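2 protein chains.
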Amino acid sequence: MKLIAREVDADAADLAVMLTEADAKALGIKENDRVRIEANKESAVAVVVISDSFQKVGEICVIDEIMRRLDIKDGDTVEVFFSANPDSVRGIRKKMDNKKLSSDEIRGIVQDIVDSKLSKIEISAWLTALYINGMDIEEIAAFTEAMVDTGDRIEFDRTPVFDFHSMGGVPGNKITPIVVSIVAAAGLMLPKTSSRAISSACGTSDFVETFCNVELDAQTLKMISEEVGGVFAWGGSMNIAPVDDMVIKVEHPLGINPRAQMLASILSKKVAIGATHLLVDIPTGKGTKVPTIEVARAYARDFMDLGEQLGIHIECAITYADQPVGNAIGPKLEARECISILEGAKHPSSVIEKACDLAGIILEMGGIVNGAVKARELLDSGVAHKKFMEIVVAQGGRPDLSSKDLVPGEFVFDVTSSTAGYVHDIDNKNIVSIAKAAGAPSDKGAGILLHRKKGQRVEVGDLLFQIYADNEAKLQRAKDIATRYRPFEIEGMLIKRVTATKVR
Amino acid sequence: MKLIAREVDADAADLAVMLTEADAKALGIKENDRVRIEANKESAVAVVVISDSFQKVGEICVIDEIMRRLDIKDGDTVEVFFSANPDSVRGIRKKMDNKKLSSDEIRGIVQDIVDSKLSKIEISAWLTALYINGMDIEEIAAFTEAMVDTGDRIEFDRTPVFDFHSMGGVPGNKITPIVVSIVAAAGLMLPKTSSRAISSACGTSDFVETFCNVELDAQTLKMISEEVGGVFAWGGSMNIAPVDDMVIKVEHPLGINPRAQMLASILSKKVAIGATHLLVDIPTGKGTKVPTIEVARAYARDFMDLGEQLGIHIECAITYADQPVGNAIGPKLEARECISILEGAKHPSSVIEKACDLAGIILEMGGIVNGAVKARELLDSGVAHKKFMEIVVAQGGRPDLSSKDLVPGEFVFDVTSSTAGYVHDIDNKNIVSIAKAAGAPSDKGAGILLHRKKGQRVEVGDLLFQIYADNEAKLQRAKDIATRYRPFEIEGMLIKRVTATKVR
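The listed protein sequences derive, respectively, from chains A and B.
Position 437, counted from 1, in the first sequence is what the numbering used here calls 437; the numbers after and before it change by one each time, with no gaps.
Position 58, counted from 1, in the second sequence is what the numbering used here calls 1058; the numbers after and before it change by one each time, with no gaps.
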């Protein structure tokens, strides 16, 4: 059937084309069926939404991405045909039936997600089947490679390529720029790509972009990494493992991140930039993705097994995550804390220790003995800060950048203790909820500054934490949530304190 | 945030509201998140699609159903807020984790699907979890009751209420009007609601509507049933177990029908019309929903256990379904075959036998001895035909209706045998594919007429089947598929024939 294409912009993985009920009926198409659209000898398959509100009979609404692929513009005529379910649906069904998938079947599913041939319904079924039935290491390795092959790769002329990944889930984890700066200062190359927050209050890219540009293209990333030794880039601005972004949109409302998907997603980005050595940080604690040390050990084993299959030397570090890392949560607050440590501040020690321990492991992977000590020297001597500033400037930041430039939101609320005792618990999830209510990560000044950490003594009226916001309405919203959730637990007796807790 | 509502019509369970990127950002909303919309002291929760193509900043596209619920019209101002995930998502997660759900949790999920609070992504995850992890009989009973309670009920003044359901999956199964007519002729009441085709070539309502109106409201259905003794209505025109329609839209592209969902869906409609006695036909054979007798027995056990929980007397009949029932597949072709049997035709005997056997079981459930013999008498004597005509007329059909009125499509293609031998197999799925390619069920004249059945001898050039279509293009499409799929398997030796096969 010949139809007039009407261009629509839409971010949805799903909303690919819209037809009137009459045209859908004439084509024998039901809601959620697919059509094949042909023009200029190109073709694309898309899922159909049926509605009479957006186009006339004889017209078809097509998302911009497909318009580009077919090289057509608004008002052009296209040929539209019914298209049967893609073969990859069979692969999804097979995983639903808990059978092992071949590497071709996995590749078919990944390719069809990238090509928008699978609808949100099918992607959701796929993720649910992965969540319930899982994959073995061989399948995950094939999954990783399929994710790599459906995107771009970056090939460095300089080797080895070191990389670092934190599984996340712990708020305030602003160590990445410190780790990269120390490793690069030691003469190794660490081209780090990070993500923005999905469900957290602040991803690495969310705070790094408050002081320099994170949206680098592949060429710039390669150039800076090879010349300066490191970058802190946003992974999303390159076409690396693009399937991940489409999958995240479906994972997000379900609140799941199936193990196979998570592992393949992390490692595909590392394979795509040709990482030869990778350190994975596994933050472990209540209210994170990894609640117990046993779960952390299982992930570590998975990562190392996958590293073997994929030809990457992988080491893992299980880190303490029962409370936020450092004191600051939120873009500008985290940026300020991060930079102040590079400038020489001695607090918060949890950030300094974690950054130096992890950078130290990477240095040792690169053949430098006594890595943690060396890392600390590079930080204390200011050499890491000098390297940090080189990277910042290469990424378009100001050469005179100082931590003092990062001024958090002007609307502030102090939360004080109504009781005396010891801080028994700081709930990661509640801290994140409050920071998000205050506007983080899109409001750059929003967030939380902790004034007490676990194990510390507080008296009545002592400041526990401050909420920052860029506007009054969101501050109010965050205050309401803080009152409801009470992220601090204070007890009069130390007897219940967990002995592993570090007192600061 | 105050926004101007713009009405859109859309059939999608999902496409509930659309926001511009700017407004979504201001509300802190990502794709697939939810908003709560308030107006006139009413509120509705809906899933968000983000696009700048369909409305301006400051506007929100709202589907007609929600417009009605809020009692607003195009151009009215509504208040829009971010809305957290509904609690029912937790229930879905719990089933993903293979835990037993409480009756309240099941009710919450069903209610949120009916209220459009769950997106296609979440409904897909729910169905996938049900498919993989299943439900026990207690959960399915609660599921059934939740589906009943979220829709309307019909209460008959006349009891007992007999009902009949075929699990379907076998093409050409046009027995329903015959069964209903026989049972009503015997003085029992059978208010039968049927469905339209989902993935088959012709549902009962698809062929019944070629000779009378099937879209009855609840009041009319009750009146005709009580006065005449039976109806053949389309279940979709009443608000009975409305969640089913929303779920089908998600099941369809996945090609799954989880056991728990199927059982609850069938039985909810029976509970909603107050059925006291139910006969379930379980067509069993290659290419149907129930491939083997063992699977059929398991379903029969499920139905009877559920009947006990729900207070309905349920019996099951496992019927032969290795090939189509009778010779006709497609709306007008099936209607013609069905009516001709009521008029006294002695062929095809498979249809007559199946209808009389099943009607006989229902008669016995109603205390009539020797049911199958009695059923055959009612059919042969013309009493059932008289009752059939009473129902047809009550449903707005012509009082002089004859099978000759049902004229199939004028475009016909004869498929002949290129080899001599015995018909070893007729593939149900391929027959359905060809009939659908010819235009069934929306083209009423489209379909297939079989001239040979399993076990019969054919010579070279003998007519195997005819394809009917309402237009030439679809006939061509069906011919192409017939050539590719070859639904008949003919072998030279009888030795491979399954002994249970009836030779006709």
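All C-beta atoms in this analysis are idealised placements derived from N, C-alpha and C, irrespective of residue type, glycine included.
The structure presented is a predicted model; accordingly, all values stated were derived computationally and were not measured.
Which residues DSSP lists as bridging residue i, in chain order
i: Glu505 (chain A); result: Look at the range of chain A in this structure, 1 to 504, and you will see that residue 505 (chain A) is not part of it.
i: Phe1081 (chain B); result: B:Arg1036
i: His277 (chain A); result: A:Phe162, A:His313
i: Ala1345 (chain B); result: Beta-bridge pairing links Ala1345 (chain B) to no other residue.
i: Trp234 (chain A); result: A:Ser194
i: Leu19 (chain A); result: A:Ile50, A:Ile60
i: Gly447 (chain A); result: A:Tyr468
i: Lys2 (chain A); result: A:Glu79
Close Cβ partners of residue i (< 6 Å) along its chain, the five nearest in sequence each way excluded
i: Glu1215 (chain B); result: Trp1234, Ser1237
i: Leu118 (chain A); result: Asp112
i: Pro1086 (chain B); result: Asp1112, Lys1117
i: Leu130 (chain A); result: Pro258, Ala260, Gln261
i: Ala1372 (chain B); result: Cys1356, Asp1357, Gly1360
i: Gly1409 (chain B); result: Gly1445, Ala1446, Tyr1468, Ala1469, Asp1470
i: Val503 (chain A); result: Any reading at Val503 (chain A) must be qualified, since the residue scores a pLDDT of 38, below 50, and its modelled position is unreliable; the value itself is stated next. Closer than 6 Å at the Cβ level, and outside the excluded window around Val503 (chain A), lie Gly455.
i: Gly1366 (chain B); result: Leu1188
i: His1165 (chain B); result: Ile1266, Val1280
i: Ala321 (chain A); result: Val170, Pro283, Thr284, Gly285, Thr288
Sequence-distant residues of the same chain with beta carbon closer than 8 Å to residue i, five excluded per side
i: His1291 (chain B); result: It is worth fixing the name first, because residue 1291 (chain B) is Pro in this sequence and not His. Once the five neighbours on either side are set aside, the close Cβ partners of Pro1291 (chain B) are Thr1284, Gly1285.
i: Arg1297 (chain B); result: Ile1318
i: Ser194 (chain A); result: Thr176, Gly203, Thr204, Ser205, Val208, Val214, Phe232, Ala233, Trp234, Gly235
Amino acids of chain B, ordered along the chain, whose beta-carbon sits closer than 7 Å to that of residue i
i: Asn32 (chain A); result: Lys1249, His1252, Pro1253
i: Ala125 (chain A); result: Ser1124, Thr1128, Leu1254
Beta-carbon neighbours of residue i, restricted to chain B and to distances below 9 Å
i: Met96 (chain A); result: Thr1128, Tyr1131, Ile1132, Leu1254, Ile1256
i: Val89 (chain A); result: Pro1253, Leu1254, Gly1255
i: Val8 (chain A); result: Ser1051, Asp1052, Ser1053, Phe1054
i: Asp259 (chain A); result: Reading the sequence as shown, one finds Arg at residue 259 (chain A) and not Asp. Result: empty, since nearest Cβ-Cβ is about 13 Å, beyond 9 Å.
i: Arg36 (chain A); result: Per Cβ cutoff of 9 Å: no residues; Arg36 (chain A) is ~14 Å from chain B at best.
Close Cβ partners of residue i (< 7 Å) along its chain, the five nearest in sequence each way excluded
i: Ala24 (chain A); result: Val48, Ile50
i: Gly326 (chain A); result: Gly172, Lys174, Glu337, Pro348, Ser350, Val351
i: Thr159 (chain A); result: Thr276
i: Lys1354 (chain B); result: Ile1175, Thr1319, Val1325
i: Leu1310 (chain B); result: Ala1141, Thr1144, Leu1267, Val1271
i: Glu1021 (chain B); result: Ile1050, Asp1052
i: Ile198 (chain A); result: Ile248, His252
i: Ala500 (chain A); result: Its pLDDT being 40, under 50, Ala500 (chain A) is placed unreliably by the model, and the measurement read from it follows with that caveat. Taken in chain order, the list of residues that qualify is empty.
i: Val89 (chain A); result: Glu122
Contacts of residue i in chain B (Cβ-Cβ under 8 Å)
i: Asn85 (chain A); result: Pro1253, Gly1255
i: Gly28 (chain A); result: Lys1436, Gly1439, Ser1442
Contacts that residue i makes with chain A (C-beta to C-beta distance below 7 Å)
i: Lys1120 (chain B); result: Lys120, Ile121
i: Arg1457 (chain B); result: Correct list: empty, because the minimum Cβ distance to chain A is about 35 Å.
Residue i: contacting residues in chain A (beta-carbon distance under 9 Å)
i: Ser1205 (chain B); result: Simply none; closest approach about 16 Å.
i: Arg1196 (chain B); result: Result: empty, since nearest Cβ-Cβ is about 11 Å, beyond 9 Å.
Residues that residue i contacts on chain A, provided the C-beta gap is smaller than 8 Å
i: Lys1025 (chain B); result: Ser442
For this session: Please name the residues in the stretch 233–245 of chain A whose beta-carbon is closer than 8 Å to at least one beta-carbon of chain B, in chain order.
Result: none
Problem set entry | Interface positions of the stretch 288–318 of chain A facing chain B (Cβ-Cβ less than 9 Å), listed along the chain | none
For this session: Please determine if the stretch 1247–1258 of chain B and the stretch 1113–1124 of chain B are in contact, where contact requires at least 3 C-beta pairs separated by less than 8 Å.
Result: yes
For this session: Pull out every residue of the stretch 1041–1073 of chain B whose Cβ sits closer than 7 Å to any Cβ of chain A, in chain order.
Result: Val1049, Ile1050, Ser1051, Asp1052, Ser1053, Phe1054
Problem set entry | the stretch 179–186 of chain A / the stretch 375–384 of chain A touching (three or more Cβ pairs under 8 Å) | yes
For this session: May I ask you to verify whether the stretch 1424–1439 of chain B touches the stretch 1472–1479 of chain B, counting CB pairs closer than 8 Å and requiring at least 3?
Result: yes
Problem set entry | Meets three-Cβ-pair contact criterion under 8 Å: the stretch 255–275 of chain A and the stretch 417–427 of chain A | no
Problem set entry | Residues, ordered as in the chain, of the stretch 321–342 of chain A that lie near chain B by beta-carbon distance below 9 Å | none
For this session: Count the C-beta pairs between the stretch 304–315 of chain A and the stretch 339–346 of chain A that are closer than 8 Å, then say yes if the count reaches three, no if not.
Result: no
Exercise. Is it true that the stretch 166–180 of chain A meets the stretch 133–141 of chain A, where meeting means three or more beta-carbon pairs spaced less than 8 Å apart?
Worked result: no
For this session: Could you say if the stretch 438–445 of chain A and the stretch 193–211 of chain A meet the contact criterion of at least three C-beta pairs nearer than 8 Å?
Result: yes
Problem set entry | contact_flag[the stretch 266–273 of chain A, the stretch 238–245 of chain A] where n(CB pairs < 8 Å) is 3 or more | yes
Exercise. Is the stretch 1141–1158 of chain B close to the stretch 153–168 of chain A, with three or more CB pairs under 8 Å?
Worked result: no
Exercise. Can you find at least 3 beta carbon pairs, one from the stretch 31–45 of chain A and one from the stretch 67–79 of chain A, that sit closer than 8 Å?
Worked result: yes
Problem set entry | Residues from the stretch 1154–1181 of chain B in contact with chain A, defined by Cβ distance under 8 Å | none
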